[in-house]
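**Student:**
In our numbering, the protein residues as written are 2 to 611.
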């Protein structure tokens, strides 16, 4: 069990945490490679590899002796055999047998020699994959999947200012200064966008304490050793500054946006980002249901980021629209949620009393389609994108697929599209492919008086004689419940005799004066009361099973016996134990709750003693 490392905050696979050693080390971090020596002053020690000791037995004894001579709260990385990727898989080295309870320990990860859970795992030899993004990604993901979620991952000999954001985004917690030092002795001056050879520098593009007051000529005129030491200090400072910025990005839940922009300096990093998005399950499991930061969709990779794909899949798999005969397709708006924008206010005014008879669906990039009932749900009300009037082929294909899936699953008697330009092109392509007839009501400008009058007249004609006895507020809460907990949850949570109160969008549902749910407008999710949770607990979904205790405030991971593997950070969850039934928000994913030995698993909101 890991005892010395704890995760605090998560942003996808990236996380901030602490290594509780002689000095608490905040992660992600960069460690000085030279400090790893046994005689060094660092809190992490590496006595050397097995080749140095000659045998596994000698390496084991040396490690045990080292533990006796150093402080108990220093982490020792046990000796290993470093192999290049070309070495045959059946080649192994002797096992180092040092008990984990002797103190904080690290070990080189090997699928051939599984170990007990350690505080730190080393991706030994991973620097060999430089220039091969596919192989590097595969190695990192394999290790991150197979080690405990609350074990730190150390990737030696990989860190450069331009790639640390990507490495941390994929789950690396600890990096080192190896590449920075090597670059210094090769006269390479590191910048956030990559290195520049000293011979090409006319001035020093940095104001760190090591470069301040120095000119490029002065540095070039130094003797080689003195120059290398100066460049080393600068390179390490640049690396540390980048990691500090990444830590802040994780805290503000905006690392993905930073990575999308940061990787543009290197084609291999762009390739790695695109390849990582293909591994949807790996990233989605670690991605929160909602984030406090806006989702900025400014690159083509925004179409494949986990939050976007998850929203589209849930609309397809979980959303059930109200039973209506008429579908109205609308363009998106800059202001969110759409219904409070000036543009959509005009659309809804034109619909008038027929509004309740029409199913509204908004076409947008990158989300594809957004049913009106889900317009406040993250990320539908929390994204921003570049508006140029031009959509590339990937956007067209993605949005067309989303609209096509929706129309195949939910047939309508009449489809009206109040759209223009790229939106209309998408509708025309889908209607042609599916053989559907779509009525268009815009004359070139969706908000012009002529277009709005045509929309009004068309709807009056189509809605004549129709009736709908539903309640939009109930439809909205049902749709969000289905999106959040699974299809059919809305029916269980909102029986016909329940009452909806409060103004848009702070809806609350009551049954016999007992509150069941509250809609949280900041993130568009439903928060349940104990009475509300009782109505859907029998499904067994989003349940966390705990030991026989009554929670007070938060539930720590060691108290979790089992958890639904579909749980994601910030999901509303139901806590079941012998002594209590609770409702709260997940602080980590279901798999992480099961396999972690430290950290807050659930923030509890309501507790009922049994």
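The beta carbon of each residue, even a glycine, is placed where N, CA and C say it ideally should be.
Predicted model only: the values in this text are computed from it and were never measured.
(1) Measuring straight from C-alpha to C-alpha, what distance separates residue 52 and residue 122?
(2) In the DSSP assignment, what residue or residues form a beta bridge with residue 583?
(3) Between the beta-carbon of residue 151 and the beta-carbon of residue 600, is there less than 8 Å?
(4) Measure the CB-CB distance between residue 140 and residue 124 and report whether it falls below 8 Å.
(5) Among 357, 563 and 547, which has the Cα closest to the Cα of residue 464?
(6) Under the rule that 16 or more other beta-carbon atoms within 10 Å means buried, what is residue 170, buried or exposed?
(7) Would you check if there are 3 or more beta carbon pairs closer than 8 Å linking the region 229-248 to the region 164-181?
(8) For residue 364, write down the residues that DSSP places opposite it in a beta bridge.
(9) Kindly confirm or deny that the region 176-183 and the region 203-216 touch, where touching means at least three C-beta pairs closer than 8 Å.
(10) So residue 46 and residue 78 are supposed to be a Cβ contact under 8 Å. How far apart are they, rounded?
(11) With a floor of 4 residues, list each alpha helix (DSSP H) that falls wholly inside the region 336-415, ordered by position along the chain.
(12) Quick one: complete alpha helix (DSSP H) runs, 4+ long, within the region 141-192?
(13) Pick out the complete alpha helix (DSSP H) segments inside the region 494-565, 4 residues or longer, and give them in chain order.
(14) First and last residue of the alpha helix (DSSP H) that includes residue 247?
(15) Whole angstroms are fine: how far does the CA of residue 55 sit from the CA of residue 82?
(16) Suppose contacts are defined by Cβ-Cβ distances below 8 Å. Is residue 328 in contact with residue 362 by that definition?
(17) Decide yes or no for the touch test of the region 556-572 against the region 128-139: beta carbon pairs closer than 8 Å, at least 3 of them.
(18) By the 10 Å Cβ neighbour count, where 16 or more other Cβ atoms means buried, how is residue 562 classified, buried or exposed?
(19) Measuring CA to CA, which of 532, 525 and 539 is closest to residue 512?
(20) Contact check, residue 403 vs residue 370 under 8 Å by CB: the rounded distance?
(21) What is the DSSP secondary structure of residue 9, reduced to helix, strand or coil?
(22) Between which residues of its own chain and residue 549 is the CB-CB distance below 7 Å, once the five residues before and five after are set aside?
(23) Would DSSP call residue 107 helix, strand or coil?
(24) Is DSSP giving residue 197 helix, strand or coil here?
(25) Can the beta-carbon of residue 297 be found closer than 8 Å to that of residue 135?
(26) Would you call residue 104 buried or exposed, if buried means 16 or more other Cβ atoms sit within 10 Å of its Cβ?
(27) Can the beta-carbon of residue 556 be found less than 8 Å from the beta-carbon of residue 493?
(28) If you run the structure through DSSP and keep just helix, strand and coil, what is residue 61?
(29) Grab me the residues of residue 479's own chain with a C-beta within less than 6 Å of its C-beta, minus the 5 sequence neighbours each way, in chain order.
(30) Between the region 377-386 and the region 513-530, do at least 3 Cβ pairs fall closer than 8 Å?
**Tutor:** In this structure, then:
(1) Rounded to the nearest angstrom, the two C-alpha atoms are 19 Å apart.
(2) Looking at the DSSP assignment, residue 583 forms a beta bridge with 576 and 608.
(3) Cβ distance < 8 Å, so residue 151 and residue 600 count as in contact.
(4) With contacts defined as CB atoms closer than 8 Å, residue 140 and residue 124 qualify as a contacting pair.
(5) Looking at the Cα atoms, 357 is the closest of the given residues.
(6) By the neighbour-count definition (other C-beta atoms within 10 Å, threshold 16), residue 170 is a buried residue.
(7) Output reads yes: the region 164-181 touches the region 229-248.
(8) Bridge partners of residue 364: 332 and 370.
(9) Not touching, per the Cβ criterion.
(10) Right, their Cβ atoms sit about 7 Å apart.
(11) Counting only runs of 4+ residues, the alpha helix (DSSP H) found wholly inside the region 336-415 occupies 343-352 and 394-410, in chain order.
(12) DSSP runs (the alpha helix (DSSP H)) wholly in the region 141-192: 165-170 and 179-186.
(13) Annotation: the region 494-565 contains the following complete segments of the alpha helix (DSSP H) (minimum length 4 residues), in chain order: 531-537.
(14) Element bounds for residue 247: 225-252.
(15) Distance between the alpha carbons of residue 82 and residue 55: 11 Å.
(16) It is a contact, given that the beta carbons lie within the stated cut-off.
(17) Counting Cβ pairs under 8 Å, fewer than three are found: no touch.
(18) The residue in question, residue 562, is exposed, as its Cβ has fewer than 16 Cβ neighbours within 10 Å.
(19) Out of 532, 525 and 539, 532 has the C-alpha closest to the C-alpha of residue 512.
(20) The pair is a contact, with the Cβ atoms about 5 Å apart (cut-off 8 Å).
(21) Residue 9 carries a strand assignment under DSSP once its states are collapsed to helix, strand and coil.
(22) So the list reads 578, 579 and 580, once near-sequence residues are dropped.
(23) In the three-state reduction of the DSSP assignment, residue 107 falls in the strand class, which pools E and B.
(24) In this structure, residue 197 counts as strand in the three-state DSSP scheme.
(25) No, the pair does not count as a contact, with Cβ atoms beyond the cut-off.
(26) Buried: at least 16 other Cβ atoms inside 10 Å.
(27) No, the Cβ-Cβ distance between residue 556 and residue 493 is not below 8 Å.
(28) When secondary structure is reduced to three states using DSSP, residue 61 falls in the helix class.
(29) Around residue 479: 491 and 495.
(30) A contact exists between the region 377-386 and the region 513-530.
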